[in-house]
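Undergrad:
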Amino acid sequence: MNDALYLCLDQGGSSSRAMVFDSLGQCLAQSQLAVAEHRQGERVEQDAAQLVASLRSCANAAVAQLTWPQRAALSACGLVTQRSSLVAFNPVTEELLSPVLSWQDTRAAEHLPSSADDIQLIYQHTGLMANAHFSASKMCWLLQHNDAVKKAAQQQQLILAPLACYLAHSLLANKPILVDRGNASRTLLVDVAKGQWCPQMLGLWGLDRCYLPSLVASDAIIGQLELDDISLPMRLLTGDQCAAAFAQGELQAQQVSINMGTGAFLLSPVATPQCRNGLLNSIVHWAELPVYCLEGTVNGAGVALQYIAKQGELKDDALPLDACLHLADKQADALAQTLPLFINTVSGLGSPDWRSGIAPRFIGHELANHSLRVAAVAESIVFLLQRNLECMLREKPALQYVAVSGGLSHSDALCQRLSDLSGLRVERSSVVEASARGAAYLLAGRPAHWPCIIERVFQPQDNHPLRQRYRQWSTALMQQLQH
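Numbered according to the UniProt record's numbering, the sequence shown terminates at residue 483, and the numbering increases by one at each position without gaps.
#1: Mind reading off the beta-carbon distance from Gln157 to Val92? Whole number of angstroms is fine, and I expect it under 8 Å.
#2: From Ile230 to Ser419, what does the alpha carbon distance come to, in whole angstroms?
#3: Pick out whichever of Ser75, Ala36, Gly41 and Leu424 has its Cα sitting closest to the Cα of Leu225.
#4: When you compare the CB positions of Ala304 and Asn344, do they come within less than 9 Å of one another, or not?
#5: What's the C-alpha gap between Ser98 and Gln331?
#6: Whole angstroms are fine: how far does the CA of Ala116 sit from the CA of Gln104?
#7: Looking only at its chain, what residues have a beta carbon closer than 6 Å to the beta carbon of Ala148, apart from the 5 residues adjacent to it on each side?
#8: If you compare alpha carbons, which of Asn2, Ala34, Met392 and Ala4 is closest to Asp10?
#9: If Val52 and Ser170 are in contact, beta carbons under 8 Å, what's the gap, nearest whole angstrom?
#10: Counting pairs of beta carbons, one from the stretch 248-262 and one from the stretch 274-283, are three or more of them closer than 8 Å?
#11: Look at the alpha carbon of residue 495 and the alpha carbon of Ala244, and state the distance between them as a whole number of angstroms.
#12: Quick one: grab the DSSP three-state call for residue 528.
#13: Name, in chain order, the residues that DSSP records as bridge partners for Asn344.
#14: Between which two residues does the alpha helix (DSSP H) harbouring Pro465 extend?
#15: Taking Leu204 as the reference, which of Lys175, Ile119 and Thr67 has the closest Cα?
#16: Given Leu101, which residues of its chain have a CB within under 6 Å of its CB, disregarding the five upstream and five downstream residues?
#17: Taking buried to mean at least 16 other C-beta atoms within 10 Å of its own C-beta, is Leu112 buried or exposed?
#18: Our contact map puts Val216 next to Asp180 with C-beta atoms below 8 Å; I'd like the distance itself, whole angstroms only.
#19: Please specify which runs of the beta strand (DSSP E), each continuous and at least 3 residues long, are wholly inside the stretch 174-218, giving them in chain order.
#20: For Ala368, I'd like the list of residues in its chain whose CB is within less than 6 Å of its CB, leaving aside the five on either flank, ordered along the chain.
#21: Considering only the beta carbon of each residue, do Ala168 and Ile221 sit closer than 9 Å?
#22: If you draw a straight line from the C-alpha of Ala184 to the C-alpha of Ala444, how long is it?
#23: If we count the other Cβ atoms within 10 Å of its Cβ and call it buried at 16 or more, is Gln468 buried or exposed?
#24: Using beta-carbon positions only, say whether Gly182 and Arg446 come within less than 9 Å of one another.
#25: Looking at Ala476: is its Cβ nearer than 9 Å to the Cβ of Ile358?
#26: Measuring alpha carbon to alpha carbon, tell me which of Ala61, Val44, Glu42 and His38 ends up nearest Cys8.
#27: I need the straight-line Cα distance from Arg425 to Phe458, nearest angstrom please.
#28: Buried or exposed: which applies to Pro213, given that a residue is buried once 16 or more other Cβ atoms fall within 10 Å of its Cβ?
#29: When DSSP labels each residue in this structure, what does Trp141 get in the three-state scheme?
#30: For Ala336, does the three-state DSSP call read helix, strand or coil?
#31: Just the C-alpha distance for Arg355 and Ala29, rounded to the nearest angstrom, thanks.
#32: His125 by DSSP, collapsed to three states: which one?
#33: Confirm, please, whether the CB-CB distance from Ser218 to Thr238 is below 9 Å.
#34: Tell whether a beta-carbon distance below 9 Å holds between Phe383 and Arg361.
#35: Can you list, in chain order, the residues of its chain with a C-beta nearer than 8 Å to that of Leu279? Leave out the 5 residues immediately preceding and following it.
#36: Compute the distance between the beta-carbons of Gly25 and Val80, then report whether it is under 9 Å.
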């Protein structure tokens with residue numbers, strides 16, 4: 001048995017975490033700090049220095065919880081970040097030139113190509129759709145609107161860094177300027193088949209290769225993390241959803257993994273990249289060989305509930321999410337009133353539609369109380385997931401089950417709806433932090449015996465009212481898309 005321990009650093013947007021795992025995926029120590037997000041319209045920014053400081057503080061706090069023998073057993077660390085977040089810095093002076101532009105930031109939509117040929121070319125080369133959530137348009141925006149970035153570019157002292165690159169550069173003693181291929185691929189500048197910066201994409205976006213970090217394998221040893229009491233090699237750099245897919249061990253061909261947090265992301269492994277149906281072709285790990293997944297993206301998951309809270313829909317006496325969904329079931333059974341539907345375009349529509357500029361709205365909500373409107377938002381998340389699952393099933397008809405994780409997966413009623421609508425069993429893990437546990441699995445060398453922790457299984461049930469609402473919702477969404 002491997003007695004090594006692993007320190008996993010996870011920058012998840014709203015908070016930074018450090019967790020120590022053993023070789024069986026058991027968490028032995030952890031620390032977490034909230035970090036600020038600054039939202040204004042389409043802009044979502046963070047302070048890069050705060051992210052670095054919070055990760056270092058969490059790492060020291062987690063290590064401090066260990067016994068001395070446990071500290072001696074620490075063998076390596078890994079860093080997990082949000083994949084499409086971007087920050088600009090000067091590698092000569094170490095000066096930050098911009099805030100972190102979150103993956104949720106869509107200010108740069110005006111820089112997206114409008115030509116159908118360009119959009120198809122991007123899809124063919126990168127496996128991704130041209131979308132303002134990804135980094136290329138953010139890079140163009142910074143070069144056009146940020147004076148410090150423009151000056152640094154003129155002086156050839158500019159790095160347009162995926163967040164993983166900047167955090168690794170700031171945390172590690174050797175100050176590397178590199179990024180793993182999984183994170184890099186979210187720039188829309190990497191050839192998904194070759195795992196290299198793509199000259200055609202650089203030309204299409206008008207970006208210079210010298211602004212970008214070097215590319216490395218996900219499991220490359222990239223430097224040394226110096227903490228208060230210990231020094232560890234960092235030998236994993238990856239994205240949050242990439243790591244989360246491995247939380248229960250090796251990817252299974254018959255499985256779809258769904259991690260439901262701020263957004264919700266569906267991943268299912270494929271042997272080679274294949275561009276179809278508006279789904280993404282994602283690099284989830286690149287060691288000796290690449291690991292690819294079909295990926296579906298729902299932008300409006302947890303953030304949709306935050307959105308209606310800011311709109312005043314969540315009252316002080318609001319029921320918990322499951323209670324709201326159970327109330328909706330009772331109303332549907334009694335046919336007492338038409339339940340509301342929510343056209344969930346919060347943060348823009350992800351796959352398979354890839355549309356922005358459509359305002360979120362309720363349909364048929366005039367008689368509905370706020371609890372039923374909360375239920376409508378939760379159901380809209382399920383409906384968007386189902387829309388993606390239908391696309392995946394066309395590509396992989398042998399899919400058998402869904403493995404869910406993330407904060408929203410704690411809702412029994414939401415998981416049951418997902419099973420009822422998809423006709424697939426839904427397995428919920430008791431793992432709270434899927435990204436960190438997945439990172440531990442990768443750091444441990446992808447062992448054959450990795451405990452799969454299933455807390456509950458939801459089997460599909462006949463739910464005619466839900467299917468009827470899904471049809472009504474789908475019709476309403478298509479009407480919006482045709483405008």
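From the three backbone atoms N, C-alpha and C, an ideal C-beta is built for every residue, glycine too.
TA: The structure says:
#1: 5 Å
#2: 46 Å
#3: Ser75
#4: Closer than 9 Å, so yes.
#5: 50 Å
#6: 24 Å
#7: Leu97
#8: Comparing Cα positions, the closest option is Ala34.
#9: 4 Å
#10: no
#11: The requested residue 495 is not part of the displayed model; the chain covers only 1 to 483.
#12: A question about residue 528 goes unanswered here, because the residues of the chain that appear run from 1 up to 483.
#13: According to DSSP, Asn344 bridges with nothing at all.
#14: His464 to Gln482
#15: Ile119
#16: Leu86 and Lys138
#17: buried
#18: The beta carbons of Val216 and Asp180 sit about 6 Å from each other, so the pair counts as a contact at 8 Å.
#19: 178-180 and 214-216
#20: Pro340
#21: no
#22: 23 Å
#23: exposed
#24: no
#25: No. Outside cutoff.
#26: Ala61
#27: 6 Å
#28: buried
#29: helix
#30: Only weak support is given to the placement of Ala336: the predicted model assigns it a pLDDT of 44, under 50, and the question is left unresolved by the model.
#31: 42 Å
#32: helix
#33: yes
#34: no
#35: Leu294, Glu295, Gly296, Ser351, Pro352, Asn388, Cys391, Met392 and Glu395
#36: no
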